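Peer 1: For what it's worth, full-length UniProt numbering labels the leading residue of the sequence shown as 1, then goes sequentially. Note that CB positions come from ideal geometry on N, CA and C, so glycine has one too. A quick note: this is a predicted structure, and the numbers were derived from the prediction, not measured. Here it is, the structure in full.
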Amino acid sequence: MAMTEKSGHGIDIQDDNMQDSILTSQLEMPNVKVTYRTLFRYASREEISILVLSACCAVVSGAVQPLMTLVLGSLAGQFAGFSAGSTATSDFHHELSRLALYFVYLGIGSLVSVFITIQGFSYAGEAITQRTREAYLKAIMRQNIAFFDSVGAGEVTSRITGDMTMIQDGISQKLGLTAAGVTTFFAALAVGFVRSWKLTLVMLSVTILIILVMGGAGKGIKQHQLQANDAYAVGATVAEEAFTSIRSTTAFCAQNWLAQRFSMHLDNVRRFDFKSKAFLASMIAAMMAIMTLQYGLAFWEGSRLLQDGSISVSKIITVIFSSMLAGVSIGHVAPHFGAFAAATAAGQKIFQVIDRKSLLDPMSRAGKKPSTVEGEIVFKDVRHVYPSRPDNVVLDDLNFVIPAGKTTAVVGKSGSGKSSLVSLIERFYQPVGGELSLDNLPLQELNLHWLRTQIAMVGQEPVLFNTTVYDNIRFGLLGTELEDAPKEKVSGLIEEAARTANAYEFISNLPRGFQARVGERGMLLSGGQRQRIAIARAVVSNPKILLLDEATASLDLHAETLVRAALDAASKNRTTLVIAHRLSTVRQADNIIVLSAGKLVEQGTHEELMRSKGVYHSMVAVQQIEYSRPSDGVELHGSGVGGLEKVEESNSMLTNASTHDTSPKLSNQRHYSLWALIQFIWSLNQDEHSWMVLGFLVSMGTGAGYPILAIFYGNSIVSLVNPSESTGAHDIDFWCGMLLMLGLVILVLYMVQGMTFAWASSRLVWRTRDLTFRAILRQDMAFFDMKENTSGALASILSTEATMIAGMSGATLAALLNFVVSIIGAIAVSCSFGWKLALVCTSTMPLLLACGFLRTWVMADLEKRTRRQTEAAGFACEAASTIRTVASLRMEENVCSRYSAMLRQQTKQDFRSLLLSSMLYATSQSLMLFASGLAFWYGGSLIMKGEYTVKQFFVCFVAVIWGSQAAGAIFSYAGDMSNARAAAARVKTLLGRTPTIDSWSVTGKAIPHGLKGHIELRDVSFFYPTRPSRLVLKNISITAEPGQFIALVGGSGSGKSTIISLLERFYDVASGGIYVDGNEISTYQIQAYRGQLALVSQETTLHMGTVRDNILADKEDAPEEDLIQACKDANIYDYIISLPDGFNTSVGPKGSLLSGGQRQRIAIAKALLRNPRILLLDESTSALDSTSEAAVQAALDRAATGRTTIAVAHRLSTIQHADVIYVLERGSVVERGSHPELMRKRGRYAELVRLQEIGSAS
């Protein structure tokens, strides 16, 4: 039923509700509650077993230190007995040796258990995260296309890199360390309860306060981290779109505009990131203060119980040391709770996508799969509205039949709904009314994957993948019965398809033939070459239904004629839907349908529609070429198709290139010392130096807190037995008061430290991302041509590198400073109280430091290997950004399997590094217990000899224990530090890279009064930097006088677009020179020079935002009347104001909510708004219908008045009035002259015109 029928008020409401339901179902996201447990959803039985074993070992490792307190208490009892004279020297020596050995046994147990804990959690965490990554990408591949109208490829990249890294960080090593720390906490309390339940119960009351603090802070951390992730996901889309459309961005000098847009989103990220870190800092400060206050409470209450006779000194010491260990363990693991909260927050969006049920799921097995297909497609009362623009009806009550085995053409103005027909047949969207059927079966009843195997599509903008030519064509077999055919048969089919698409010859001339890589989006090939490979991919599977949406728009006349003949042959006995603006391509169609504003206005054969003299007749008349036929008996030079078949492409970056990549390595990463990288990160935080200096000073105070606590602790123990032996002969109440004061000071110091470094860290990440984005936009085209610099890989760098750099700032840097001061302070205090014992005990610290440094080195090596994640992320980004092509080719499962293979290869390589890293960390932790055993044995010996008192021993022992823990804890941050070092090196390399053509250079000649527009190419030769062995242009000379209209025509790949690139100074020439107004263009200030040019290219990519944003870009101060006039001149104004939000209507990611013609006209309006002196048109009207093309061409003709215009065109009707036409072939000029002059020559140009001539309008 048509939903616009006004058969009654009730029906209108019902239909509106149905329409809203259909639209909502294509966009809505589930309300998913993600808990920390959810992050382990994809753990296998093996990983669960490993986690259980590792958790058990974590419990063992966590229980080791509380068990040490039992030994410590027994030794304290022996010390007391020996001091009181109740224990003989021989007995004391025997017990001392026996109990000291227990420390060795505990150390060995710690070594084994910590190793298994770290290795197990790291391995399982990586495996689970890998499987979650795979599940997320699979969920992305299952989504309906409407989902991608609001979710850009940049967001997918951000989720699969940044968010997944947070998840892995939260379920791997830090989870094991936390499990051990929590076990230590509870085991220590258990020991305390066994020794004295009263004293332990008093101390336990403080624990409840700690739990409340952690819970409240954790909630705040998660909330703000989630907001930061969401804000960055939007910014990531801005960045990815900028990289994808880098040529347009550079041509319009839009780098600063895009950088400001990106920075605007980064401001939001920074604000939420700081709030998250501030909650973490507050939590740590509160916990450290509470633990110090807990010690004061313990000694105070213990002294009361001692006076009552209900507890002994040894029990008090055991309970207090147990509580000390409990507090220290919680203090060390407290920062990890921030990682858990961040992981849970990151999982929110990840699992929301994973749990989303797609309305149109290409991987679903539901639906009918008929055994035979005839191919008749029927549109019955079809009404279509895009979910992201619910107020704009695209197709309105459309009724027509596409007969089986026939060719049906659809023509009409740009935006009339032609491409929407293809989207509905492919079931990219669900219509809001009516029904589409295939062979009398409604499309919604058919299995979606099966349906798409019956269809092959060639779109207006061909999309190739960053792999070989062979694979790109082979993708057309995915999902068909030929997918798993023998390799010889597949190769034969691929070669036959290439011949059918007139692509075999140029493919064979590539350096590695069918095995040549085509680059990201096929950018190493010319537009015509990409289009022919796309056609070969479409026909390779011999589909039942062929959808051609401007399939030959990017081809030159010669190639179009050959390919069109091939497509005509391929269309025989096959249902074919052809959408075209170039009417010569649809003349032979069995039925031609004319659409206007989503409605069918005419249909019939070419002859019938010409006789009716209606809309179609007018469109043909507009596109008619002025053609002078040669006289009878005179043969054209090189006439006929055969004469043109020898023309072959030579300007692709791959053609005839050396099989070896001899290009200079433009992005080699330099090696920097650690000090150089610290200085670099320090410079990035330059504006925060005053705050950081304050943080450093405060960190020294917090670090000194541990040694001071050791002094208070030792004196408190002694004052319980004999207050006169304590420092100053103070009683226990005095020392409890000192601990109270210390706790309050620690609260203030930790709060200031945390807040200053949270501020500095959040701004460091913000500034690093901002500078890195600007540095990437600064690079020349040679940088973006390199295979490692895909848009996905670059977006991944922005997402992950800046976050990793924070590993040398913020909480990590504060903790390191804290630990360093603690170590120094502990050594100083212990030496001042007892230098002999101090020197012996601290002798183990070099071993701890050596283990830590080795682990840092291993982690750095491991991080280098994990760069494959960037490659995998780039692949995922490419798949998401080309989702329509992926969907039409049934590539979803192929994409998922390739992505999984990339991740598994990385995991396999990382296993040995993880083993070594885990062993080094376990060794560093067990050495502390060995040091404790040594301290008790040697200290007891000194006491036995009468050289040391009990006070000296306990002050030294407590100081050394905490010092050793600090030394070991330093290297728990080894992973963060090594990641930060590697990331800093990459960012420093990128920021320090000055490109050959620096888009932001301010040097060069100024252009105070604008250019006149005289252009001269003098003997220009050129090769692409990535393929230096092949000349693309050979001694070309072209001259354009000011105000002239110069046209470049020729075969696909003849060098036309390369000339445009050189005029824009995307590259520098190899020899010769390009002169504008008599000056070599390299002598001009580059931004000023490009500001005098405007480029409208063949493949137009818009940026996510509004129509106004895309037209104005960096010209935000342009008068409104100029904006309106530019849109009118581009024939887009009426369409814009017809939209619900007018100029403020969103265009979607990459302009996906607009048709190709609408995007093209917006690009033309953008160019006209800049009022350039030189206008560069590279197939600027290729995506327009005849009517729009005529109107826009007239506007361009008017715009060309008084300015120099260089136009590249395959459609010769757009350039027949050019002042001079240059005909190019294989990078050289073969003809030049005006249209009449060249027609009289009857050479190459005349043959091109003859091939494009369409029938008379009569």
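1. Would you call the CB atoms of tyrosine 295 and leucine 744 closer than 9 Å?
2. Do leucine 175 and glycine 107 have their C-beta atoms closer together than 9 Å?
3. Taking the Cβ atom as the reference point for each residue, do serine 881 and glutamate 46 lie within a distance shorter than 9 Å?
4. Tell me, to the nearest whole angstrom, how far the beta carbon of leucine 1095 is from that of arginine 1159; I am working on the premise that it is less than 8 Å.
5. With respect to the alpha helix (DSSP H) encompassing serine 612, which residues constitute its N-terminal and C-terminal limits?
6. Could you tell me whether the stretch 1059-1079 touches the stretch 978-989, using the rule of 3 or more Cβ pairs below 8 Å?
7. With H, G and I counted as helix, E and B as strand and the rest as coil, what does DSSP make of glutamine 603?
8. Since I believe glutamate 376 is in contact with valine 401 (beta carbons under 8 Å), could you give me their beta-carbon distance rounded to a whole number of angstroms?
9. Please classify valine 886 as buried or exposed, where buried requires at least 16 other C-beta atoms within 10 Å of its C-beta.
10. Per DSSP, isoleucine 592 is paired with what?
11. So what does isoleucine 1206 bridge to, in DSSP terms?
12. Can you look up histidine 671 in the DSSP assignment and give me helix, strand or coil?
13. Could you tell me the distance, in whole angstroms, from the CA atom of tyrosine 1089 to the CA atom of isoleucine 1007?
14. Going by beta carbon distance, what residues of the same chain come within less than 6 Å of glycine 1073, once the five residues before and after it are set aside?
15. Do you know how far the Cα of isoleucine 593 is from the Cα of valine 394?
16. Along the alpha helix (DSSP H) that carries arginine 884, what are the first and last residues, could you check?
17. Sorted by chain position, which residues of the same chain lie with C-beta nearer than 8 Å to valine 1229's C-beta, five sequence neighbours on each side aside?
18. Taking one C-beta from the stretch 237-254 and one from the stretch 144-156 each time, how about it: are there three or more such pairs within less than 8 Å?
19. Exposed or buried, histidine 332, counting other C-beta atoms within 10 Å across all chains shown (16 or more means buried)?
20. With a 10 Å radius around its C-beta and 16 neighbouring C-beta atoms as the bar for buried, classify methionine 29 as buried or exposed.
21. The alpha helix (DSSP H) that contains phenylalanine 115, what's its start and end?
22. Going by the DSSP bridge assignment, what does phenylalanine 1022 pair with across the sheet?
23. Just confirm the distance between the C-beta atoms of threonine 183 and alanine 63, as a whole number of angstroms; I'd bet it's less than 8 Å.
24. Return the chain-ordered list of same chain residues with a C-beta closer than 7 Å to the C-beta of arginine 767, the five sequence neighbours on each side being excluded.
25. At which residue ranges does the stretch 430-486 contain complete alpha helix (DSSP H) runs of 4 or more residues, listed in the order of the chain?
26. Using C-beta distances below 7 Å, list every residue in its chain close to isoleucine 160, excluding the 5 sequence neighbours before and after it, in chain order.
27. Excluding the five sequence neighbours on either side, which residues of its own chain have a C-beta within less than 7 Å of the C-beta of tyrosine 34, listed in chain order?
28. Inspect the beta-carbon positions of glutamine 173 and serine 122 and report whether they are closer than 9 Å.
29. Determine the direct distance from the alpha carbon of alanine 982 to that of isoleucine 1015, and round the result to whole angstroms.
30. Once you ignore the five residues that flank alanine 259 on each side, which residues in its own chain have a CB closer than 8 Å to its CB?
31. Between the beta-carbon of isoleucine 246 and the beta-carbon of phenylalanine 784, is there less than 9 Å?
32. Taking all protein chains shown into account, do 16 or more other C-beta atoms lie within 10 angstroms of the C-beta of threonine 659, making it buried, or fewer, making it exposed?
33. Could you give the first and the last residue of the continuous beta strand (DSSP E) run that contains isoleucine 377?
34. Indicate, with yes or no, if the ligand SAM has a heavy atom lying under 8 Å from the CB of proline 1172.
35. Check whether the Cβ atoms of threonine 756 and methionine 288 lie closer than 9 Å to each other.
36. On a CA-only basis, which of Ser248, His617, Arg142 and Arg890 is nearest glutamate 481? Give me that one, please.
Peer 2: Let me lay it out:
1. No, they are not a contact pair.
2. No, Cβ-Cβ distance for leucine 175 and glycine 107 is not below 9 Å.
3. Note that the C-beta distance between serine 881 and glutamate 46 is not below 9 Å.
4. With 8 Å as the limit, leucine 1095 and arginine 1159 do not qualify as a contact, their Cβ atoms being about 15 Å apart.
5. Here the alpha helix (DSSP H) through serine 612 covers 606-612.
6. Touching, no, given that fewer than three Cβ pairs across the two stretches are closer than 8 Å.
7. Glutamine 603 falls in the strand class under three-state DSSP.
8. In this structure, valine 401 and glutamate 376 form a Cβ contact; the two beta carbons are roughly 7 Å apart against a cut-off of 8 Å.
9. Result: buried.
10. Looking at the DSSP assignment, isoleucine 592 forms a beta bridge with Ala409 and Gly604.
11. Ile1046 and Leu1176.
12. Three-state result, histidine 671: coil.
13. Counting only the Cα atoms, isoleucine 1007 lies some 7 Å from tyrosine 1089.
14. Answer for glycine 1073: Arg1018 and Glu1080, listed in chain order.
15. Roughly 16 Å between the two C-alpha positions.
16. Judged by DSSP secondary structure, arginine 884 falls within the alpha helix (DSSP H) whose first and last residues are 883-888.
17. For valine 1229, where only same-chain residues beyond five positions count, the Cβ hits under 8 Å are Ile1036, Ser1037, Ile1038, Tyr1222 and Val1223.
18. The stretch 237-254 vs the stretch 144-156: in contact.
19. So histidine 332 ends up on the buried side.
20. Result: exposed.
21. Note, phenylalanine 115: alpha helix (DSSP H), 89-142.
22. In the DSSP secondary-structure assignment, phenylalanine 1022 is bridged to Leu1033.
23. For a cut-off of 8 Å, the C-beta gap from threonine 183 to alanine 63 is around 6 Å, short enough to register as a contact.
24. Spatial neighbours of arginine 767 in its own chain (CB-CB distance under 7 Å, excluding positions within 5 residues in sequence) are listed in chain order as Leu684.
25. Every alpha helix (DSSP H) of 4 residues or more that sits fully in the stretch 430-486 is shown, in chain order, as 448-453 and 469-474.
26. Taken in chain order, the residues that qualify are Arg133, Tyr136, Leu137, Ala873 and Ala876.
27. In the sequence on display, residue 34 carries valine and not tyrosine. Closer than 7 Å at Cβ, skipping near neighbours: Thr344, Gly347, Gln348 and Phe351.
28. Yes, they are a contact pair.
29. Computed Cα separation, rounded: 47 Å.
30. Excluding residues within five positions, the ones whose Cβ falls inside 8 Å are Asp770, Phe773, Arg774 and Leu777.
31. Yes. Within cutoff.
32. Caution applies to threonine 659, whose pLDDT of 36 falls short of 50 and renders its modelled position unreliable; the value that the coordinates give is listed next. Classification for threonine 659: exposed.
33. Taken as a continuous stretch (DSSP letters only), the beta strand (DSSP E) holding isoleucine 377 covers 377-385.
34. Here there are no bound small molecules, and the ligand SAM is not part of this structure.
35. Cβ atoms of threonine 756 and methionine 288: not closer than 9 Å.
36. Nearest of Ser248, His617, Arg142 and Arg890 to glutamate 481, Cα basis: Arg890.
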